[in-house]
Amino acid sequence: MSKRLLAVVLVIFALAGCGKRLDTTVQRNVVIDITVTWADGHQRHYTSQEKMRAVLLYIRTVSSPFDAPEPPQEGNGQRVTITTTLANKTQKTYQQQADRFFREGNGPWRIIDKEKGEKLWMLLKLLPSDP
């Protein structure tokens with residue numbers, strides 16, 4: 012009887028330990044804030060779940076597999092940088108130039124659908140900065 016009880020207790024502790032590790036991993040990958048910076052230095056800062064979810068959804072839907080034949084010219088439309096900060100303090104940056112170009116970090120510029128590109132500007136007009 013005591014061997015079975017010991018085995019059950021060990022299994023429970025093992026499962027509880029796995030759950031804690033999984034929770035910690037998930038929490039480290041959670042976005043805790045987003046900063047949007049325009050080329051002129053104007054910024055918006057988001058910490059509310061609703062606003063961050065809207066920006067992250069845009070980033071997921073705008074990605075494109077098509078490399079731009081050449082990078083966008085400076086001054087060719089607005090440029091905005093979106094910086095996401097994760098719970099473990101790592102950051103990812105995304106940039107959009109005008110309504111046609113998007114990239115992650117310093118990766119290659121990708122051509123995006125103009126209608127999708129325009130959605131970012133509309134989204135940012137609707138989302139004021141969090142206090």
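Those letters in the sequence shown? Residues 12 to 142, by our numbering. Each residue gets a CB set at the ideal place from its N, CA and C atoms; glycine is no exception. Note that this is a predicted model, so its numbers are computed, not measured.
Secondary structure of residue i, DSSP reduced to three states
i, result
"R90", "strand"
"R114", "strand"
"Q84", "coil"
"V73", "helix"
"K103", "strand"
Residue i and residue j closer than 8 Å at C-beta
i, j, result
"V73", "L135", "no"
"Q106", "G128", "no"
"S140", "R64", "no"
"I151", "S75", "Examination of residue 151 is not possible in this model, given that the chain is present from 12 through 142 alone."
"W49", "V91", "yes"
Beta-carbon contacts of residue i that lie in its chain and below 7 Å, excluding the five residues immediately before and after
i, result
"K125", "D110 and R111"
Straight-line Cα distance separating residue j from residue i
i, j, result
"T58", "N117", "25 Å"
"K130", "K100", "28 Å"
"I93", "K62", "13 Å"
"Q84", "T104", "20 Å"
"N40", "W132", "26 Å"
Assumed close pair residue i, residue j - CB separation to whole angstroms, cut-off 8 Å
i, j, result
"L68", "V42", "At roughly 12 Å, the Cβ-Cβ gap does not stay under 8 Å, so L68 and V42 are not in contact."
Close Cβ partners of residue i (< 8 Å) along its chain, the five nearest in sequence each way excluded
i, result
"Q102", "T94, T95 and T96"
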